[in-house]
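In the numbering used here, the protein residues as written are 765 to 868.
Using N, Cα and C, we set each Cβ at its ideal position, and we do this for glycine too.
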Amino acid sequence: MPVSRAHKNLRNILHCYPYKITNVKEFLLVDLPVRPSFSLEFLDGMEVNNYWPWNIFETHFSRRFFNTQNCRIWATKNPLANAPIPFHSAKVTVWCGLTASFIE
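Structure representation (structure tokens):
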């Protein structure tokens, strides 16, 4: 049976609708003193050079438990599902500096 037929049956016969799980950051009490200091450092950097945040090339590779674009919950009522994700999850950060002559 095609996926589209299964979706139509869920909607028309069972009156179920797809709902997305929402990722929310899990804030801990330990994080409270760190947030203002980071914000102040960020604002100080912007006073010196307004474009410095756009000169940083980085990416984070993290292990996600599910992809919210692919994961749907079929239910008759909105379950209002949230998935708390640790704010400081394990990840690998890759930095790359680009110039005309070489890559750092």
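Query, Result
"Beta-carbon contacts of K841 that lie in its chain and below 7 Å, excluding the five residues immediately before and after", "none"
"Nearest-angstrom Cβ-Cβ length linking W838 and L774, presumed shorter than 8 Å", "5 Å"
"Straight-line Cα distance separating V798 from E868", "A caution first: E868 carries a pLDDT of 47, below 50, which makes its placement in the model unreliable, though a value can still be read off. In a straight line, the C-alpha of E868 is about 30 Å away from that of V798."
"DSSP three-state assignment for E868, whether helix, strand or coil", "Bear in mind that the predicted position of E868 carries a pLDDT of just 47, short of 50, making it unreliable; the figure below should be weighed with that in mind. Three-state result, E868: coil."
"Inter-residue spacing [alpha-carbon to alpha-carbon] between P800 and I777", "52 Å"
"Residues that DSSP places opposite I837 in a beta bridge", "Y783"
"Any non-hydrogen atom of the ligand ATP closer than 7 Å to D795 Cβ", "This structure simply doesn't include the ligand ATP, nor any ligand for that matter."
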